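Heads up, the thing below is written out as structure tokens.
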Amino acid sequence: MALTIDRPVQAEHHEEEHGPSGLLKWLTSTDHKVIGKSYLITSFVFFLMAGVMAMVIRTQLSGPDNTVVSQHVYNELFTMHGSLMLYLFAGPFAFGGLANFIVPLQVGAPDMAFPRLNALSYWLYLSGGITMIAGFFTVGGAADFGWVAYAPLSDAVNSPGAGPDMWIVALALTGFSAIFTGVNIITTVFYLRAPGMTMFRVPIFTWNMVVTGILILIAFPVLTAAIIMLWADRHLGTHIYTVSGGGVPVLWQNLFWFFGHPEVYILALPYFGCVTEVIPAFSKKPLFGYRGMIFATISIAALSTAVWAHHMFTTGTVLLPFFSLMSYLIAIPTGIKFFNWIGTMWRGSIEFKTPMLFAVGFLVVFLLGGVTGIFLAAPPIDFATHDTYFVIAHFHEVLFGSAVFGGFAGLYYWYPKITGRMMRESLGKASFWLMFIGFWVTFLPQYLLGLRGMPRRIAEYSASTGWGGLNRISTFGAYLLFLSVAVMMINFYVSWRNPIPAPDNPWDAGTLEWGTTSPPPHHNFNSIPPIRSERPVWDFNHPEHTTFGLHSREHASEERRD
Amino acid sequence: MWIFSIGHDGPALANLWAVTPTDHEHVVTRLPRAILHPRKRILRRLAGVPVLLLVAIVLGGCRLPTFGAFRGVTKQGQTEFTLWSWLAMLGLAVAVIVWGLIFWSIIRYRRRDDKIPHQFHENIPIEVIYTVIPILLVGVIFYATVISENRIDAIKAKPAEIINVTAYRWGWRFSYEDSSGISQNVLIQTAAQPKLLAQPATSSEYPQLVLPDNSTVRIVLQSADVIHGFYIPAFNFSRYAQPGVTNEFDFTPTITGVFRGQCAQYCGLYHSEMLFSVRVISKVDFSNWLSANRS
Numbered sequence: 000m001a002l003t004i005d006r007p008v009q010a011e012h013h014e015e016e017h018g019p020s021g022l023l024k025w026l027t028s029t030d031h032k033v034i035g036k037s038y039l040i041t042s043f044v045f046f047l048m049a050g051v052m053a054m055v056i057r058t059q060l061s062g063p064d065n066t067v068v069s070q071h072v073y074n075e076l077f078t079m080h081g082s083l084m085l086y087l088f089a090g091p092f093a094f095g096g097l098a099n100f101i102v103p104l105q106v107g108a109p110d111m112a113f114p115r116l117n118a119l120s121y122w123l124y125l126s127g128g129i130t131m132i133a134g135f136f137t138v139g140g141a142a143d144f145g146w147v148a149y150a151p152l153s154d155a156v157n158s159p160g161a162g163p164d165m166w167i168v169a170l171a172l173t174g175f176s177a178i179f180t181g182v183n184i185i186t187t188v189f190y191l192r193a194p195g196m197t198m199f200r201v202p203i204f205t206w207n208m209v210v211t212g213i214l215i216l217i218a219f220p221v222l223t224a225a226i227i228m229l230w231a232d233r234h235l236g237t238h239i240y241t242v243s244g245g246g247v248p249v250l251w252q253n254l255f256w257f258f259g260h261p262e263v264y265i266l267a268l269p270y271f272g273c274v275t276e277v278i279p280a281f282s283k284k285p286l287f288g289y290r291g292m293i294f295a296t297i298s299i300a301a302l303s304t305a306v307w308a309h310h311m312f313t314t315g316t317v318l319l320p321f322f323s324l325m326s327y328l329i330a331i332p333t334g335i336k337f338f339n340w341i342g343t344m345w346r347g348s349i350e351f352k353t354p355m356l357f358a359v360g361f362l363v364v365f366l367l368g369g370v371t372g373i374f375l376a377a378p379p380i381d382f383a384t385h386d387t388y389f390v391i392a393h394f395h396e397v398l399f400g401s402a403v404f405g406g407f408a409g410l411y412y413w414y415p416k417i418t419g420r421m422m423r424e425s426l427g428k429a430s431f432w433l434m435f436i437g438f439w440v441t442f443l444p445q446y447l448l449g450l451r452g453m454p455r456r457i458a459e460y461s462a463s464t465g466w467g468g469l470n471r472i473s474t475f476g477a478y479l480l481f482l483s484v485a486v487m488m489i490n491f492y493v494s495w496r497n498p499i500p501a502p503d504n505p506w507d508a509g510t511l512e513w514g515t516t517s518p519p520p521h522h523n524f525n526s527i528p529p530i531r532s533e534r535p536v537w538d539f540n541h542p543e544h545t546t547f548g549l550h551s552r553e554h555a556s557e558e559r560r561d
Numbered sequence: 000m001w002i003f004s005i006g007h008d009g010p011a012l013a014n015l016w017a018v019t020p021t022d023h024e025h026v027v028t029r030l031p032r033a034i035l036h037p038r039k040r041i042l043r044r045l046a047g048v049p050v051l052l053l054v055a056i057v058l059g060g061c062r063l064p065t066f067g068a069f070r071g072v073t074k075q076g077q078t079e080f081t082l083w084s085w086l087a088m089l090g091l092a093v094a095v096i097v098w099g100l101i102f103w104s105i106i107r108y109r110r111r112d113d114k115i116p117h118q119f120h121e122n123i124p125i126e127v128i129y130t131v132i133p134i135l136l137v138g139v140i141f142y143a144t145v146i147s148e149n150r151i152d153a154i155k156a157k158p159a160e161i162i163n164v165t166a167y168r169w170g171w172r173f174s175y176e177d178s179s180g181i182s183q184n185v186l187i188q189t190a191a192q193p194k195l196l197a198q199p200a201t202s203s204e205y206p207q208l209v210l211p212d213n214s215t216v217r218i219v220l221q222s223a224d225v226i227h228g229f230y231i232p233a234f235n236f237s238r239y240a241q242p243g244v245t246n247e248f249d250f251t252p253t254i255t256g257v258f259r260g261q262c263a264q265y266c267g268l269y270h271s272e273m274l275f276s277v278r279v280i281s282k283v284d285f286s287n288w289l290s291a292n293r294s
């Protein structure tokens with residue numbers, strides 16, 4: 000392999016100047032940075048929409064016998080809140096947005112492996128999102144069978160109308176978008192790494208994206224097949240999920256959760272990756288247990304394909320001990336990750352800039368979500384809490400914990416690289432503390448509500464249940480969360496109207512993306528520093544503080560490679 | 000109290016990874032405490048947490064803490080509660096330890112100067128320890144879980160009563176059979192159409208399932224249309240009612256009273272109004288009730 004560190008001179012050509020500009024550039028671009036930004040903005044808009052729906056949901060539940068919205072509208076709202084957050088925000092924000100922008104930079108590539116396929120992914124995703132939202136404007140309203148669309152509730156008899164059909168089509172479109180992005184990222188990392196960037200020098204963020212991509216290739220085709228069969232049941236007269244024609248309704252649950260549980264990790268692993276970049280940078284230390292981290296990620300991914308039926312413990316149709324044990328086992332690699340994050344901070348020099356606050360916030364909130372996940376992996380405890388607010392609190396703690404705390408950590412961290420501007424620290428810290436406090440106020444009462452028997456997806460409850468007080472507290476917390484996001488929007492606005500230019504490496508971080516300009520030039524790098532570890536920029540800036548050379552074993556293998 | 004202890008031991012814990020000049024002060028000022036190997040001292044500290052919890056429980060009157068959950072009014076529900084309580088104690092203990100480590104690191108290792116810290120990035124023995132301990136814990140938890148779930152799912156060969164429960168949009172139908180499966184001609188079902196707002200579960204609009212105290216009854220659960228969830232919070236139990244699947248399970252109530260029940264699995268428009276209640280009465284009252292309600 001040719002070891003040219005400096006790129007050939009023609010890369011210095013300013014290709015942007017010859018191409019279209021303005022809106023046309025955004026519409027026609029195949030540059031991974033433009034597509035990444037499109038993903039980030041689009042998914043953030045969906046996040047805001049779903050957040051507003053959550054506010055209406057919480058307002059409706061704030062007291063007994065509320066009639067803020069009708070039952071029908073309430074059912075649409077929680078369905079679309081879940082669908083938007085899971086299919087259109089949490090996945091695309093990290094895997095479509097952050098990964099698109101950061102992965103080629105971290106491995107030292109000029110673009111994604113298939114730039115046109117990348118653009119296709121984005122446009123499929125956008126059209127899927129619009130299709131899903133447009134369901135609200137049909138006669139019968141949007142889909143109202145929950146984001147899991149259990150058969151036979153989702154069949155043509157029980158959920159007639161165009162809204163549910165549009166939801167199904169939207170899922171197919173975004174599903175293909177995710178599959179294409181997965182192929183693209185895996186290929187980019189396997190084939191477009193810069194000279195010297197061995198797989199064991201690839202940063203964990205990128206590693207997690209590769210593993211996520213593999214999980215997407217395992218899970219999303221199953222979902223696509225399942226919804227095509229659902230479509231056939233609705234329109235072509237098949238009886239795959241209906242008893243009347245000899246079908247098996249529980250098949251939907253098996254197929255859906257075979258997608259759905261890997262999906263949970265498709266949503267979580269990219270954000271683990273964000274946190275794993277932020278913590279070492281702000282502790283001024285290399286990641287503790289780099290290889291352990293990679294193996295932990297791979298084992299989480301492997302186990303996640305064998306735990307789907309823990310969503311089905313109360314169906315009475317699954318082998319409880321097997322799925323229980325598999326679910327428990329996920330605690331082990333997750334625990335390894337936690338200790339590695341702590342080990343990275345240990346004896347470091349930790350600076351609490353906004354990204355680090357969000358990363359530590361992630362650690363603190365995700366931990367309780369993980370522990371309550373262990374409880375739910377015990378079938379007897381699941382019998383008592385299945386479909387209650389205990390489960391709601393658990394998965395908001397893990398999903399909000401990763402996608403919002405982890406995602407915002409990543410967003411604040413890479414914002415200077417993406418936009419070339421700094422965010423305001425004071426506003427960032429205010430939004431963090433509002434979010435951290437609001438988070439606990441919202442979700443801790445929901446654990447108790449679940450333990451007191453409040454089922455999920457109920458539009459209202461009578462005062463005799465005694466759930467009013469805790470619900471009121473939870474709603475108050477949700478408003479705090481809303482306020483926190485509003486502060487963050489102000490932060491964006493301020494940095495847009497009144498920019499502070501960002502230096503190339505504002506955090507003194509170590510991975511390759513900090514070795515180019517902020518924002519990066521058209522083909523990302525004009526030159527690349529020598530890559531001797533997973534943080535080449537750090538090694539370049541702090542030659543006396545590298546990790547190779549300290550440990551003889553690694554040093555030896557280093558020499559052998561040379 | 001123990002959070003402070005961990006804080007106190009922090010610098011010693013740090014010695015595991017590396018020694019830097021700043022450590023000498025600590026070593027000198029706290030020499031008498033450095034007799035035990037630091038790793039052993041940490042383990043001893045961590046072992047103290049569950050012991051403290053245990054002491055608290057024993058002194059607290061031999062009742063397991065609920066953490067907000069129901070203690071259960073059936074034998075099966077109580078089995079679940081015992082597992083829940085122990086698992087919650089263990090889980091929270093682990094969470095508190097890890098939170099302690101997180102808060103300790105972010106407070107102790109806050110940036111104080113521009114010095115670049117020691118660049119260590121692995122410690123195989125420590126990594127092996129925090130892999131092996133969770134594996135052992137998982138083994139213990141899994142064993143307890145299997146024991147508990149086998150008890151809850153156990154089905155008696157000859158239950159005192161068999162009750163067919165059918166869920167439909169949006170109501171419940173309970174029909175009683177005796178132990179040999181012959182219908183008792185007792186049928187109770189949701190009378191009213193759903194209204195705009197849910198009433199208390201014990202309201203006469205919703206059906207009431209009547210069960211005898213201290214005897215084992217069999218529930219045979221089915222659905223007439225979509226998937227529903229047969230959920231009685233005080234029993235610590237729920238099970239799906241699914242089209243094409245018949246689920247059977249036993250309840251052995253141990254406490255008389257009236258308890259609320261509700262559909263837990265979302266089933267469409269009036270899901271929140273698919274309520275019922277359960278009344279547990281003595282065996283004598285139960286047979287009187289049966290004969291009074293024969294049609």
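Heads up: the sequence lines are chains A and B, in that order.
With the first letter of the first sequence counted as 1, position 557 gets the number 556 in numbering that gives the first Met the number 0; the numbers rise by one all the way through.
With the first letter of the second sequence counted as 1, position 189 gets the number 188 in numbering that gives the first Met the number 0; the numbers rise by one all the way through.
Cβ atoms here follow ideal geometry from the backbone N, Cα and C, with glycine treated the same way.
Keep in mind that this is a model prediction, so the values were computed, not measured.
(request) Using the DSSP secondary-structure output, state which residues sit across from B/L208 in a beta bridge. (result) B/V277
(request) Report the three-state DSSP secondary structure of A/Y240 (helix, strand or coil). (result) coil
(request) Specify the secondary structure class of A/E557 as computed by DSSP and reduced to three states. (result) Note that A/E557 scores a pLDDT of 45, beneath 50, so its modelled location is shaky; the value from the coordinates is reported in the next line. Reduced to three states, the DSSP call for A/E557 is helix.
(message) Does any residue of chain B have a CB that is nearer than 8 Å to the CB of A/L76?
(response) no
(request) For A/K416, count neighbouring C-beta atoms within 10 Å of its own C-beta (all shown protein chains included) and say buried if the count is 16 or more, exposed if not. (result) buried
(message) In chain order, what are the residue ranges of uninterrupted alpha helix (DSSP H) at least 4 long that sit wholly in the region 302-344 of chain A?
(response) 319-328, 330-344
(message) If you measure between the beta carbons of A/L366 and B/V97, is that distance less than 8 Å?
(response) yes
(message) Let me check understanding here. Comparing Cα to Cα, which of A/H544, A/I527, A/P163, A/F547 lies closest to A/P109?
(response) A/I527
(request) Could you give the DSSP three-state label for A/Q445: helix, strand or coil? (result) helix
(request) List the whole-angstrom C-beta distance separating B/A263 from B/G228, where the pair is believed to meet the contact cut-off of C-beta under 8 Å. (result) 3 Å
(message) To the nearest angstrom, how far is the alpha carbon of A/P502 from that of A/P518?
(response) 9 Å
(request) Alpha carbon to alpha carbon, how far is A/F271 from A/P285? Give it in angstroms, no decimals. (result) 16 Å
(message) Taking only three categories from DSSP, how would you classify B/E24?
(response) Unreliable placement is indicated for B/E24, whose pLDDT of 42 sits below 50; the coordinate value is still reported in the next sentence. Note: B/E24 maps to helix in three-state DSSP.
(request) Take A/A161 and list the residues in its own chain whose beta-carbon comes closer than 6 Å to its own, dropping the five residues that flank it on each side. (result) T137
(request) In angstroms with no decimal places, state the Cα-to-Cα distance between A/G140 and B/Q77. (result) 44 Å
(request) Using alpha carbons as the reference points, say which of A/D143, A/L480, A/V317 lies closest to B/P244. (result) It should be noted that the sequence gives Val, not Pro, for residue 244 of chain B. When each option's Cα is compared against that of B/V244, the closest is A/V317.
(request) Count the CB pairs spanning the region 246-262 of chain B and the region 106-120 of chain B that are closer than 8 Å, and state whether there are at least three. (result) no
(request) Answer with buried or exposed for A/T197, where buried requires no fewer than 16 other C-beta atoms within 10 angstroms of its C-beta. (result) exposed
(message) Within 10 Å of its beta-carbon, does A/P535 have 16 or more other beta-carbons around it, so buried, or fewer, so exposed?
(response) buried
(request) State the Cα-Cα distance for the pair A/V370 and A/I297, rounded to the nearest angstrom. (result) 21 Å
(message) Strictly below 9 Å CB to CB, what residues from chain A border B/G267?
(response) N74, D143, F144, L152, N157, S158
(request) Assign B/Q241 to one of three DSSP states: helix, strand, or coil. (result) coil
(message) Alpha carbons only, please: which of A/I215, A/N523, A/A218, A/A155 is nearest the one belonging to A/R233?
(response) A/A155
(request) Check the Cβ of B/W288 against every Cβ in chain A and list those closer than 8 Å, keeping chain order. (result) Within 8 Å Cβ-Cβ: nothing; B/W288 doesn't reach chain A, min ~24 Å.
(request) Taking all protein chains shown into account, decide if A/F442 is buried (16 or more other Cβ within 10 angstroms of its Cβ) or exposed. (result) buried
(request) Determine, using beta carbons only, whether A/P248 comes closer than 8 Å to chain B. (result) yes
(request) May I ask you to verify whether the region 496-511 of chain A touches the region 164-179 of chain A, counting CB pairs closer than 8 Å and requiring at least 3? (result) no
(request) Apply the 10 Å Cβ neighbour rule to B/I154 and answer buried if 16 or more other Cβ atoms are within range, or exposed otherwise. (result) exposed
(message) I need the DSSP call for B/I187, collapsed to helix, strand or coil.
(response) strand
(request) For the region 108-156 of chain A, list the alpha helix (DSSP H) runs that are entirely contained and at least 4 residues long, ordered along the chain. (result) 114-133
(message) Residues of chain B with CB closer than 8 Å to the CB of A/H71, please, in chain order.
(response) L268
(message) So with CB distances below 7 Å, who are the chain A contacts of B/Q264?
(response) D386
(request) Pick out whichever of A/L60, A/K32, A/S176, A/T41 has its Cα sitting closest to the Cα of A/G476. (result) A/L60
(message) Quick check: the Cα distance between A/L582 and A/L191, rounded to an integer number of angstroms?
(response) Absent from the structure is residue 582 of chain A, since the part of chain A shown begins at 0 and ends at 561.
(request) Confirm, please, whether the CB-CB distance from A/S243 to A/L172 is below 8 Å. (result) no
(message) Quick check: what's the CA-CA separation for A/T418 versus A/Y38?
(response) 14 Å
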